[in-house]
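Number of protein chains: 2
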Amino acid sequence: MSDLLERLRGRGWRMTAQRRVVAEVLDGEHVHMTADEVHARAVTKLPEISRATVYNTLGELVTLGEVIEVTTDRRAKRYDPNAHRPHHHLVCARCGAIRDVHPTGNPLADLPDAERFGFTVSDVEVTYRGLCPDCAGI
Amino acid sequence: MSDLLERLRGRGWRMTAQRRVVAEVLDGEHVHMTADEVHARAVTKLPEISRATVYNTLGELVTLGEVIEVTTDRRAKRYDPNAHRPHHHLVCARCGAIRDVHPTGNPLADLPDAERFGFTVSDVEVTYRGLCPDCAGI
DNA sequence: TCCTACGTTGGACTTTGTCTAAGTCAAATG
DNA sequence: CATTTGACTTAGACAAAGTCCAACGTAGGA
Ligand SMILES: [Mn+2]
Ligand SMILES: [Mn+2]
Ligand SMILES: [Zn+2]
Ligand SMILES: [Zn+2]
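Residue numbers (my numbering), protein chains in the order written: chain A, 19 to 156; chain B, 19 to 156.
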């Protein structure tokens with residue numbers, strides 16, 4: 019994530035305080051923030067940053083392949099800076115906690131030709147659902 | 019789907035023209051309509067039916083286990099009357115076409131204990147993405 | 001037939017995200 | 001450095017999907 023700013027520059031993108039702050043906020047393990055959460059944290063470092071710019075920058079990071087959009091529920095999209103290692107997600111149905119998981123096996127191989135209906139299948143998302151330790155105890 | 023009305027009655031639910039119409043609309047193969055699409059079709063049979071009632075009834079059918087909510091994108095939820103046979107979905111990234119698919123293998127078995135982080139995992143959704151024959155040709 | 005609790009309705013409201021016009025500024029240029 | 005310019009940022013209007021509510025209507029039991 020730290021050389022992200024270089025890559026952006028390499029693409030001829032202008033470096034701004036806003037983009038730097040959004041990139042800084044998106045860092046860590048099992049980070050899956052909504053756009054508004056990113057904005058809330060960005061504001062603590064750069065009070066004037068607007069919601070629109072956060073949306074714009076997140077969209078650019080997704081296009082760049084530095085961040086992945088994750089949709090685990092019908093609420094807000096989540097932005098996942100762990101774009102380097104392919105993984106799937108385990109979601110608590112009650113509190114919404116999200117963990118990265120790395121299942122064995124290849125789900126793409128599990129889809130026979132007869133079940134592809136002529137589609138060119140390029141990607142697969144797997145979402146495991148259940149209750150986290152905290153929520154299961156209640 | 020035809021005995022749905024019986025089951026509803028068995029649960030002590032009042033039978034109304036609105037609920038009957040929503041149940042009728044939700045029938046067929048590879049049907050994955052949004053709430054507004056269900057409403058649009060329901061209106062042709064019962065012009066006075068309101069959006070709120072469609073949402074209410076769909077929610078009730080989901081609770082009853084007669085219909086499954088499918089979220090393939092961050093647009094509208096889709097309602098799937100094929101709740102009887104477990105299946106997953108294949109989605110065209112361009113036009114949004116949805117097909118039911120039945121992959122081999124069990125993704126739940128592919129998630130080792132060490133990757134469960136103490137969660138009680140109860141369900142898994144798999145979404146295959148790609149291009150349908152029409153969209154791949156363009 | 002009458003009652004009433006449950007179902008329905010329209011509209012206001014919320015959440016999430018997009019769009020735009022006007023202002024600002026990074027960085028190329030000399 | 002100072003200038004210049006088009007890409008970037010901003011506030012706020014707008015849109016789509018869904019929820020909520022108070023008033024009204026009716027299914028089905030007494
Ligand atoms: Mn992740
Ligand atoms: Mn389906
Ligand atoms: Zn939880
Ligand atoms: Zn298509």
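Using N, Cα and C, we set each Cβ at its ideal position, and we do this for glycine too.
Put simply, the region 120-130 of chain B does not touch the region 66-78 of chain B. Fewer than three CB pairs are less than 8 Å apart. The beta carbon of residue 88 of chain A sits closer than 8 Å to the beta carbons of 50, 95, 96, 97, 98, 107 and 116 from its chain, once the five residues preceding and following it are set aside; these are given in chain order. Ranked by Cα distance from residue 102 of chain B, the options B:85, B:30 and B:25 are led by B:85. Around the beta carbon of residue 125 of chain B, 16 or more other beta carbons lie within 10 angstroms, which makes this residue buried.
No heavy atom of ligand 4 is found nearer than 6 Å to the CB of residue 118 of chain B. Under the three-state reduction of DSSP, residue 34 of chain B is assigned to coil, being neither helix nor strand. Under a criterion of Cβ atoms nearer than 7 Å, the residues of chain A adjacent to residue 128 of chain B are, in order, 121, 122 and 123. Per DSSP, residue 93 of chain A lies in no beta strand (DSSP E) segment and is marked neither H nor E. DSSP places residue 107 of chain B inside the beta strand (DSSP E), whose first and last residues are 106-110. The three-state reading of DSSP puts residue 118 of chain B in strand, counting E and B together.
A straight line joining the alpha-carbon of residue 24 of chain A with that of residue 104 of chain A spans about 23 Å. In chain order, 93, 94, 95, 96 and 97 place their CB closer than 8 Å to the CB of residue 52 of chain B, counting only its own chain and leaving out the 5 sequence neighbours on each side. Looking at A:145, A:139, A:140 and A:79, the one whose alpha-carbon comes closest to that of residue 140 of chain B is A:145. Our two residues, residue 113 of chain B and residue 155 of chain A, have alpha carbons roughly 43 Å apart in a direct line. Residue 43 of chain B is not a Cβ neighbour of residue 32 of chain B, given a cutoff of 7 Å. The C-alpha of residue 111 of chain A lies about 8 Å from the C-alpha of residue 150 of chain A.
Within chain A, no residue has its beta carbon less than 7 Å from that of residue 99 of chain B; the closest one is some 19 Å off.
Ligand 4 approaches residue 152 of chain B closely enough that one of its heavy atoms is under 6 Å from the residue's Cβ. Residue-level contact check: residue 113 of chain A does not touch chain B, since none of the beta carbons of chain B fall below 7 Å from its beta carbon. Beta-bridge pairing by DSSP links residue 149 of chain B to A:138. DSSP places residue 88 of chain A within a strand segment (E or B) once states are collapsed to three.
According to the DSSP secondary-structure assignment, residue 144 of chain B is paired through a beta bridge with A:144.
Residue 133 of chain B counts as buried, since at least 16 other C-beta atoms from the protein chains shown sit within 10 angstroms of its C-beta.
Contact annotation: in the region 136-150 of chain B, residues whose CB is within less than 8 Å of a CB in chain A are 136, 137, 138, 139, 140, 141, 142, 143, 144, 145, 146, 147, 148, 149 and 150.
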